[in-house]
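Reviewing the structure listed below.
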Amino acid sequence: MTYPGIFDFHVHIGETIAGHELADDWHSFSRLYEHQGLEGIGLFVTESEKEELEPKLERMREAAKAYPGKVFWHLTPRNLDPRKLEKVLAPDTDIKLYTTYREAGLFCSFTDIKRFMKDMHSHKTRLLAHCEDDKVVAEFSERYPFIKPSDHALRRPEKAEISAVEKLLDLAIQHHYPLHIVHVSCPKAALLIQEAKKEADYITCETAAHYLLLNEESLNDPQGHRWLCSPPLRSETSRGQMVELLQDGIFDLVASDHCAFSCEDKDVGILHPAKTPMGIAGSGALFTLLAEHLVDKGKLSFEQLFRLISFNPASLMGFDTQKGKYQVERLGAPNPVVPSLAETHNPWMDFWSHFELRRII
Ligand SMILES: [Zn+2]
């Protein structure tokens, strides 16, 4: 049996987030292509105060030539003027907007998103949405000060995600607008998406490996700050239900939301949890982790897994899955999971896997 390579729809490299430069780069991703079968990625490009979207995309396209795989571009503009957007949009791009992160200048209100859908009606460029209702986040952040890593889960509760997902689904259906909801982390949000999909085949969604395999208990570890990401890890009940919903076929794909920081940068959180840069690595671990913890445990078949991490994401990015051919190898002894090639630390470092993807063509 041969399989295609891995297509990771959700990756962050080559940017600065919360003042910290991301730890992986095109060099490390070229190695993930060579050794982990990472045939293609969807990469985020965020317009900043210092650099406009158009030159930044051009610069990142140039740098990406070092990577032998395929790259699709998820663009976050600061200015939603359609005339400006037309200049950067191409067949290998879509748009990503955030319903939170006011301090970082990324926040879009639901009214902004409604206007965007109206303005872009003739283009119908797919919209990716980070769904956490900023009002709910503000309310809970006020209630729970950020003193220890586990407070993050209280400050950004499931309620925030559910509220934003509900509003975005309504807008997408109202405007017949193609919508992809990124990193769904809780079952109630997934169920709302399942309902909406019944009447709108232009709605898709993803979850990430960490919401399927980890729960918020990790935040209580002595190194809890290193597991911090947004949306945060959820309860064990939610995690278990997320796996069941994955089995039911609610998610179109599983991505890594790879966002690796150096140990030094992440460890700012030892003294100041609130200042920890949010995100964990995972792109190089997507196949091995899910093969070990979902397929080997009888929760998914390899066919289902490759639909989630190869065929479906490749199809959403317009990539051909015929190029690379791989075989799944079961190793005699388990190897440590390699999520990232940079000097990072994250939960996956403590995981082991019996599975490897070996290139045959
Ligand atoms: Zn992300």
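Count along the sequence shown from 1, add 1004, and you get the number used in my numbering.
Backbone N, C-alpha and C define an ideal beta-carbon position, used for all residues, glycine too.
- Separation of the CB atoms of V1332 and L1361 is rounded to 6 Å, and the pair is thereby assigned contact status at 8 Å.
- About 6 Å separates the beta carbons of F1011 and F1323, which is inside the 8 Å limit, making them a contact pair.
- Fully enclosed beta strand (DSSP E) runs of no fewer than 3 residues occupy 1207-1212 of the stretch 1200-1255, in order along the chain.
- L1290 is a Cβ neighbour of V1258, given a cutoff of 9 Å.
- Under the DSSP assignment, I1010 falls in the beta strand (DSSP E) whose first and last residues are 1010-1016.
- Of the residues G1044, L1250, Y1071, the one whose Cα lies closest to the Cα of A1318 is G1044.
- Leaving aside the five residues that flank H1187 on each side, the residues in its chain whose CB is nearer than 8 Å to its CB run, in chain order, H1014, H1134, E1210, T1211, A1212, Y1215, P1235, A1259, D1261.
- Burial of N1350 is indicated by the presence of at least 16 other C-beta atoms within 10 angstroms of its C-beta.
- In the displayed model, H1179 falls within a helix according to three-state DSSP.
- The continuous stretches of beta strand (DSSP E) do not include V1141, which lies in the alpha helix (DSSP H) extending over residues 1138-1147.
- The shortest C-alpha to C-alpha distance from A1204 to any of L1175, H1024, A1193 is the one to L1175.
- Taking a contact to require three or more Cβ pairs closer than 8 Å, the stretch 1097-1110 and the stretch 1333-1353 do not qualify as touching.
- Sorting L1232, A1067, I1197 by C-alpha distance to the C-alpha of R1159 places L1232 at the top.
- Distances from the alpha-carbon of E1025 to those of T1348, H1358, R1363 put T1348 closest.
- Counting along the chain, Y1102 sits inside the beta strand (DSSP E) bounded by residues 1097-1102.
- T1280 sits in coil when the DSSP states are folded into three classes, being neither helix nor strand.
- Leaving aside the five residues that flank L1061 on each side, the residues in its chain whose CB is nearer than 7 Å to its CB run, in chain order, V1049, W1077, L1079, V1092.
- N1316 is not bridged by DSSP to any residue.
- With respect to the 9 Å criterion, L1304 and T1208 are not classified as neighbours on the basis of their beta carbons.
- Note: K1074 is bridge-paired with G1044 in the DSSP secondary-structure output.
- In this structure, the C-beta of F1048 approaches ligand 1 to less than 8 Å from one of its heavy atoms.
- The alpha-carbon of P1072 is positioned some 19 Å away from that of F1315.
- Counting along the chain, Q1308 sits inside the alpha helix (DSSP H) bounded by residues 1306-1310.
- Contact annotation: D1138 and E1165 have beta-carbon atoms that are not nearer than 9 Å.
- Short note on G1283: C-beta closer than 8 Å to some heavy atom of ligand 1.
- Taking C-beta separations shorter than 6 Å and ignoring five residues to either side along the sequence, the partners of F1120 in its chain run L1084, following chain order.
- Buried is the label assigned to K1270, since at least 16 other Cβ atoms lie within 10 Å of its Cβ.
- Put simply, the stretch 1185-1201 does not touch the stretch 1271-1279. Fewer than three CB pairs are less than 8 Å apart.
- Y1037 is bridged by DSSP to nothing; it lacks a bridge partner.
- Taken through DSSP and simplified to helix, strand or coil, T1129 comes out as coil.
- Between the alpha carbons of H1039 and V1342 lies a gap of roughly 10 Å.
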